[in-house]
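The numbering of the sequence shown is full-length UniProt numbering, which starts it at 1 and goes up by one. Worksheet: the structure to be examined is printed underneath.
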Amino acid sequence: MPTARSAKPYAVDVASALKEEMVSRGFLDATEFELVTVEDHPQQKTGYDCGIFMVKYMDFLSRDGCDLNFTQDGILLFRGEIAADIIRGHLVDVPSSNSALQLLLQAHGVPHDHGYELSHDS
């Protein structure tokens, strides 16, 4: 598994690519962002928890002054919290399921007149 030091050049490339993509789609003004390196941050101990760690890093760092004080032991709980937030719709404020689908399809470049619609058979 790569260390934080060996992964840093890749992180810079990914951050740069994400910034360019967001700017090209008109989602943000890239001049307001900077790449920040955090020392002594929590490390994953598995080869499959990187996504959860990234979500937790973003969650903690988005709260000014919050310490990154989570560990591998809490990852299962974090997975459950994230799943519950997704199910409850707490992560995205959209007026209806069709709107959520529209946003998802738009984010993946599917044209507005794609013809997809959610079924409401439940």
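Beta carbons: idealized from backbone N, C-alpha and C, even for Gly.
Inspect the beta-carbon positions of residue i and residue j and report whether they are closer than 9 angstroms.
i     : j     : result
Phe53 : Ile82 : no
Leu18 : His41 : no
Leu77 : Val36 : no
Taking the alpha helix (DSSP H) that residue i belongs to, which residues open and close that run?
i     : result
Glu81 : Ile75 to Arg88
Leu68 : No alpha helix (DSSP H) holds Leu68; DSSP gives it neither H nor E.
Lys56 : Cys50 to Leu61
Which value, in whole angstroms, describes the spacing of the CA atoms of residue i and residue j?
i     : j     : result
Asp13 : Asp29 : 18 angstroms
Ala15 : Gln72 : 24 angstroms
Glu20 : Gln43 : 28 angstroms
Arg85 : Arg79 : According to the sequence provided, residue 85 is Asp. The question's Arg does not apply to it. Looking at the two C-alpha atoms, the distance is approximately 10 angstroms.
Cys50 : Tyr57 : 10 angstroms
Glu32 : Val23 : 11 angstroms
Asp59 : His90 : 14 angstroms
Arg25 : Glu34 : 19 angstroms
Use the C-beta contact count for residue i: other C-beta atoms within 10 angstroms, 16 or more gives buried, fewer gives exposed.
i     : result
Lys45 : exposed
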